[in-house]
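One structure below.
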């Protein structure tokens, strides 16, 4: 399914590379979703890949991808930068060759679940 002009990237040799997991310590250092996206980009399997190549593979405008990969969440005018859309996560990970974004999201979900359990146990006392 395609939405908002972002068709899925072609599946190919990247599928095998996307299975690479990043060290949990590195994921734990990510304070935000943007940090995880930047970590995934920094740890890309093909070191020579440019942002333009990634944009072409994801079929996303290069200027949009540049905003998504910028570590600063706001531009010089104070306008929030675009985040990597959820619908592109799988293809992004396939192309960069690692699962940093999914690992970050799983870690955040687990932390949220643990916080809920702790809160429920505290309420039972």
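In my numbering, the protein residues as written are 101 to 225. The beta carbon of each residue, even a glycine, is placed where N, CA and C say it ideally should be. None of the values given here were measured: they were computed from a predicted structure.
Contact check, residue i vs residue j under 8 Å by CB: the rounded distance?
i           : j           : result
residue 162 : residue 152 : 5 Å
residue 201 : residue 189 : 5 Å
According to DSSP, is residue i helix, strand or coil?
i           : result
residue 137 : helix
residue 122 : coil
residue 129 : coil
residue 160 : coil
Just grab the DSSP bridge partners of residue i for me.
i           : result
residue 180 : 174
Distance, Cα to Cα, residue i vs residue j?
i           : j           : result
residue 142 : residue 182 : 18 Å
residue 139 : residue 209 : 19 Å
residue 164 : residue 215 : 35 Å
residue 121 : residue 206 : 12 Å
Does at least one heavy atom of the ligand ADP sit under 8 Å from the Cβ of residue i?
i           : result
residue 129 : Ligands are entirely absent from the displayed structure, and the ligand ADP is therefore not among its contents.
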